[in-house]
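Reviewing the structure listed below.
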Amino acid sequence: TESAPASPEISLLAISDLHSLPLPTLPSADILVLAGDLSEGTPTQLTTRLASLSALKANYLHILVIGGNHDRALDPDCDSHDTNNAEDPHAELDRRIACREAYENCKDVTYLNNTGTTIMIRGQQLRVWGSPGSLATSKQTAFGYASAEAGDYWSRIPLDTDVLITHGPPAGYLDGGMGCVELTNALWRVRPRVHVFGHVHQGRGMVRLEF
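Position 36, counted from 1, in the sequence shown is what the UniProt record's numbering calls 36; the numbers after and before it change by one each time, with no gaps.
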């Protein structure tokens with residue numbers, strides 16, 4: 001019998017932790033992933049970043065984005081602290097809400113916040129889950145969770161996930177000692193085809209796992 005034809009290859013370009021840096025010149029790919037820390041946290045920076053990503057739509061079939069611990073305007077739990085310190089708290093809150101709505105409603109960029117999406121590329125279906133979470137280093141960490149909450153936090157990843165995008169790293173893999181054990185446990189439970197993460201700048205690279 002003849003073997004089934006191989007599925008067409010899919011290219012994925014992954015970056016993270018740009019903070020306030022402008023987008024570099026990027027090669028084309030099927031999928032562009034930004035794994036958090038899109039900014040230093042202000043609504044203006046985040047809105048500008050979204051516009052720059054939307055302008056790249058012609059180069060990618062899908063652009064997938066999550067927040068990170070610096071992207072404070074994307075996290076409603078940071079509103080109280082940040083607006084209280086603003087010159088005009090009401091105007092600042094309005095800007096933050098408008099920023100979040102822009103990300104949630106953008107047609108050129110898929111923004112994931114502990115949510116999933118299904119994408120199609122040349123007849124292949126990929127189930128994607130994205131989470132901005134990382135272990136909290138303080139009460140003011142955007143999208144932070146405590147170690148005691150980590151098991152529940154990562155239990156929500158669907159078992160049929162093909163592409164997992166998280167800001168925080170799993171323990172033991174390119175994590176600089178800052179990774180989350182419960183995320184590692186979830187990784188081995190879910191066994192995605194690809195896991196993209198950021199947060200630890202010196203941990204860039206790739207690891208190939210055989211589950």
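Using N, Cα and C, we set each Cβ at its ideal position, and we do this for glycine too.
All of these numbers come straight from a predicted model, not from anything done at the bench.
- Along the length of the region 27–97, whole beta strand (DSSP E) runs at least 3 residues long occupy 31–35 and 62–66, reported in chain order.
- Burial is judged here by how many other beta carbons sit within 10 angstroms of a residue's own beta carbon; glycine 67 has at least 16 and is buried.
- If you draw a straight line from the Cα of threonine 161 to the Cα of methionine 120, it is about 14 angstroms long.
- In the structure shown, tyrosine 103 falls within a helical segment according to DSSP collapsed to helix, strand and coil.
- Judged by DSSP in its simplified three-state form, leucine 209 adopts coil rather than helix or strand.
- By the neighbour-count criterion, in which 16 or more other beta carbons inside 10 Å mark a residue as buried, histidine 81 falls on the exposed side.
- Along the region 149–204, the beta strand (DSSP E) occurs as fully enclosed runs of 3 or more residues at 163–166 and 194–196, listed in sequence order.
- Contact between the region 112–119 and the region 54–74 is present, with at least three C-beta pairs closer than 8 angstroms.
- The region 37–48 makes contact with the region 97–106: 3 or more CB pairs, one atom from each, lie closer than 8 angstroms.
- Contact between the region 172–181 and the region 6–23 is absent, with fewer than three C-beta pairs closer than 8 angstroms.
- Residue pairing from DSSP places serine 131 in a beta bridge opposite Thr166.
- The C-alpha of aspartate 88 is placed about 38 angstroms away from the C-alpha of valine 196.
- Residue burial annotation: tryptophan 154 is buried, with at least 16 other C-beta atoms found within 10 angstroms of its C-beta.
- Between leucine 26 and valine 109, the C-beta gap is not smaller than 8 angstroms, which leaves the two residues out of contact.
- Among the bridge pairs identified by DSSP, glycine 116 is matched with Trp129.
- For alanine 14, the enclosing beta strand (DSSP E) starts and ends at 12–15.
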